[in-house]
Amino acid sequence: MWKSWVVWEEDGKYPHVVVEIMSESTAQTDKGIKKKIYQDTFRAPDYFWFDPYTLEFAGFHLVDGKYQPLQANAQGHLWSKQLGLYLGIHQGLLRWFTPDEQLVPTLEETIVQAQETAAQAQEIAAQAQEKAAQAQEKIAQIQKNAGQLVLTLEEITQQAQQKSERLAAKLRELNINPDTI
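If you count by this note's numbering, then the sequence shown holds residues 10 to 190, one letter each, in order.
This is the structure we're talking about:
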C-alpha cells in the first residue's frame with residue numbers, strides 16, 4: 010500500500026483502488042475535490058475514505074463514469090470489486106476481510122503468527138527428540154538385559170555341563186557306565 014501515488018513514477022498508470030485516510034483538516038478536500046479527481050481524472054474504480062478519529066467510513070464504485078455509494082453488508086463492510094475483498098472497521102482500525110469475512114492479517118500479525126508457528130514446531134521437534142532419546146535408552150536397556158540373559162543361559166548350560174560331568178565321574182567311580190544308563 011502506498012502513502013501517496015505519483016502517476017509519472019508509475020509509468021502513467023492510475024490506481025484501481027484509492028483509500029483516503031482523512032483528518033479533520035482534510036475531510037472536506039477528501040470528500041470533495043479529491044473524490045472528483047479520483048472519479049474524473051484517475052477513474053479509480055473503487056474509492057474509500059476513512060476518518061480514524063470519528064470512524065466515518067464510506068466507499069464508492071465507478072459506474073458509467075460516476076461514483077455510486079457502496080452498500081455495507083451486515084457487518085458494516087464494503088466490497089471492493091477490484092481487490093475481491095471487503096474493507097471494514099475492526100477494533101477501531103480500517104482492515105481488509107476475505108470474501109468469507111475472515112480478517113486479512115497485517116504484516117506484523119503474519120510475522121507474529123509465523124513466529125508462533127515456528128516456536129510450536131520447535132517445541133514439537135524437542136518433544137520428538139526427547140521421545141527418541143527415551144526410546145534409545147529403552148533399546149539399550151533391552152539389549153543389556155538380553156545380553157545378561159544370554160550370559161545367564163550360558164552360565165546355566167555350563168553349570169549343567171559341569172554337574173553332568175561330575176555325576177558321570179562319580180558313576181564311573183562306582184563302576185557304572187553313565188553312557189548306558
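Think of the CB as a built atom: it goes at the ideal place given N, C-alpha and C, for glycine as much as any other residue.
Asked                                                                                : Found
Residues that Glu29 bridges to, as DSSP identifies them                              : Trp58
One or two residues paired with Arg52 in a DSSP bridge                               : DSSP lists no partner for Arg52.
Exposed unless 16 or more other CB atoms sit within 10 angstroms - verdict on Pro108 : exposed
Proximity below 8 angstroms, CB of Val26 to CB of Ala53                              : yes
Distance cut-off 7 angstroms: Leu112 Cβ against heavy atoms of the ligand COA        : This structure does not include the ligand COA; it has no bound ligands of any sort.
Euclidean distance between Cα positions of Lys90 and Trp105                          : 13 angstroms
For Gly74, the nearest candidate out of Phe57, Thr50, Glu164 and Gly93 (CA to CA)    : Thr50
Thr63 versus Thr126: straight-line alpha-carbon distance, rounded                    : 36 angstroms
N-terminal and C-terminal residue of the alpha helix (DSSP H) that Val159 is part of : Leu116 to Glu182
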